[in-house]
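A.B. asks: As you go down the protein sequences, you meet chains X and B in turn.
Just so we're aligned, residue 3 is where the first sequence starts under my numbering, counting upward by one.
Just so we're aligned, residue 1036 is where the second sequence starts under my numbering, counting upward by one.
Built from N, CA and C at the ideal position, the CB exists for glycine as well.
Before I ask anything, let me first share the structure, which is written out below as structure tokens.
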Amino acid sequence: SQQGEEDPQALSIQEGENATMNCSYKTSINNLQWYRQNSGRGLVHLILIRSNEREKHSGRLRVTLDTSKKSSSLLITASRAADTASYFCATDAGKGYSTLTFGKGTMLLVSP
Amino acid sequence: DAGVIQSPRHEVTEMGQEVTLRCKPISGHNSLFWYRQTMMRGLELLIYFNNNVPIDDSGMPEDRFSAKMPNASFSTLKIQPSEPRDSAVYFCASSLYGDQPQHFGDGTRLSIL
């Protein structure tokens, strides 16, 4: 079963708007990562947040982590058409060695 | 610095044929991962190598799948014999250490007819 589940499955917004995607997971984690995938390409790492962190920023990206609720959110501010992609959260599932389990992703469409 | 390089980018073959996918990780990375992506199942980890040694192969679907990493700069994923349900995009990724961000290749789109 999926460790991480993103919500919503699809999101359509206009350029300049903010986009918020959520991720829920089931087991304790050491870190949570967000990735972006453009059509026909591999995944690209965006940001990593550790279990002892609550919020992290990188440019127009803001990630929050609530370990008590086992959830994370990714906020993209002032979105651009180039942000159109699928976004995935991934958790390490606390296996003792670090493989990642990915959710099924949120497809974001940003219209000009 | 070159990223993860996968070949071929596309492969179309008939069922029953042997398929070999290749991956060159980023130099200096000690962890390598093979994934399979489908619409139905999403992105699934097939196998994880650390320092060229397979650590977790619990995601390998069945004995028809095998993976090797003969040295730090090369890995293969082999399917023999191939079946139509193996059609998917196969990704290779590498990372500096196991829990560091992973760098993905652009994948091999495999179609088994």
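Assuming residue 48/X and residue 62/X are in contact, meaning their beta carbons sit under 8 Å apart, how far apart are those beta carbons, in whole angstroms?
C.D. replies: One-based indexing of the first sequence puts residue 48/X at position 46. One-based indexing of the first sequence puts residue 62/X at position 60. Their Cβ separation, rounded to whole angstroms, is 11 Å, which puts residue 48/X and residue 62/X out of contact at 8 Å.
A.B. asks: Could you tell me how far apart the beta carbons of residue 1048/B and residue 1117/B are, in whole angstroms, since I believe they sit closer than 8 Å?
C.D. replies: Working through the second sequence from its first residue, we reach residue 1048/B at position 13. Working through the second sequence from its first residue, we reach residue 1117/B at position 82. About 6 Å; that satisfies the 8 Å criterion.
A.B. asks: Give the residues from the segment 63-97 of chain X that approach chain B closer than 9 Å (Cβ to any Cβ), ordered along the chain.
C.D. replies: Cβ contacts with chain B: 90, 92, 94 and 97.
A.B. asks: Output needed for residue 87/X: all residues of its chain with C-beta closer than 7 Å, excluding positions within five of it in sequence on either side, in chain order.
C.D. replies: Position 85 of the first sequence holds residue 87/X. Closer than 7 Å at Cβ, skipping near neighbours: 38, 39, 40 and 110.
A.B. asks: Closer than 8 Å, CB to CB, is residue 4/X near chain B or not?
C.D. replies: Residue mapping note: residue 4/X aligns to position 2 of the first sequence, counting from 1. Because residue 4/X carries a pLDDT of 47, less than 50, the predicted location of this residue cannot be relied on, and the following value inherits that uncertainty. So yes, residue 4/X belongs to the interface.
A.B. asks: Strictly by DSSP, which residues pair up with residue 1047/B?
C.D. replies: Counting from 1 along the second sequence, the entry for residue 1047/B is found at position 12. In DSSP, residue 1047/B forms a bridge with 1146/B.
A.B. asks: Using the three-state DSSP reduction, which class does residue 21/X fall into: helix, strand or coil?
C.D. replies: Taking the first residue of the first sequence as position 1, residue 21/X is located at position 19. Here residue 21/X sits in strand by DSSP.
A.B. asks: For a test of the three-state rule: what should DSSP assign to residue 83/X, helix, strand or coil?
C.D. replies: As a position in the first sequence, residue 83/X is number 81, starting the count at 1. Residue 83/X: helix per DSSP, three-state reduction.
A.B. asks: Quick check on residue 100/X - is its C-beta less than 8 Å from some C-beta in chain B?
C.D. replies: For the purposes of this step, residue 100/X is taken as residue 98 along the first sequence, with counting starting at 1. Chain B contact via Cβ: present.
A.B. asks: Taking just the CA atoms, how far does residue 14/X sit from residue 56/X?
C.D. replies: Taking the first sequence and counting its residues from 1, the one referred to as residue 56/X is at position 54. Taking the first sequence and counting its residues from 1, the one referred to as residue 14/X is at position 12. Cα to Cα, residue 56/X sits roughly 27 Å from residue 14/X.
A.B. asks: Any beta carbon of chain X sitting closer than 8 Å to that of residue 1126/B?
C.D. replies: Start at 1 with the first residue of the second sequence, and residue 1126/B comes out as number 91. Taking Cβ atoms only, chain X reaches closer than 8 Å to residue 1126/B, which makes this a yes.
A.B. asks: Indicate whether at least one CB of chain B lies closer than 8 Å to the CB of residue 35/X.
C.D. replies: Against the first sequence, residue 35/X aligns to sequence position 33. For residue 35/X, the answer is yes, since a Cβ of chain B falls inside 8 Å of its Cβ.
A.B. asks: What's the call for residue 1050/B, buried or exposed, on a 16-neighbour Cβ count within 10 Å?
C.D. replies: The count along the second sequence starts at 1 and reaches residue 1050/B at position 15. Result: exposed.
A.B. asks: So which residues of chain X does residue 1137/B contact, with C-beta pairs closer than 9 Å?
C.D. replies: Counted from its first residue, the second sequence places residue 1137/B at position 102. Per Cβ cutoff of 9 Å: 35, 37, 45, 47, 92 and 102.
A.B. asks: Let me check understanding here. Comparing Cα to Cα, which of 84/X, 79/X, 92/X and 83/X lies closest to residue 73/X?
C.D. replies: In the first sequence, counting from the first residue as 1, residue 73/X sits at position 71. Considering only alpha carbons, the answer is 92/X.
A.B. asks: Closest Cβ-Cβ distance between residue 106/X and chain B: below 8 Å?
C.D. replies: Along the first sequence, read from residue 1 onward, the residue named residue 106/X stands at position 104. Closer than 8 Å: yes.
A.B. asks: Would you kindly report the start and end of the unbroken beta strand (DSSP E) that includes residue 1040/B?
C.D. replies: As a position in the second sequence, residue 1040/B is number 5, starting the count at 1. Residue 1040/B -> beta strand (DSSP E) spans 1040-1042.
A.B. asks: Is the separation between the beta-carbon of residue 75/X and that of residue 23/X shorter than 8 Å?
C.D. replies: Position 73 of the first sequence holds residue 75/X. Position 21 of the first sequence holds residue 23/X. Contact flag set, yes.
A.B. asks: Please report the Cβ distance between residue 102/X and residue 1041/B, rounded to the nearest whole angstrom; I am assuming they are in contact, meaning their Cβ atoms lie under 8 Å.
C.D. replies: Within the first sequence, numbered from 1, the residue matching residue 102/X stands at position 100. Within the second sequence, numbered from 1, the residue matching residue 1041/B stands at position 6. Incorrect: roughly 18 Å between the Cβ atoms, too far for contact.
A.B. asks: Can you name the residues of chain X whose CB is closer than 9 Å to the CB of residue 1084/B?
C.D. replies: Within the second sequence, residue 1084/B is the residue found at index 49, counting from 1. Within 9 Å Cβ-Cβ: nothing; residue 1084/B doesn't reach chain X, min ~11 Å.
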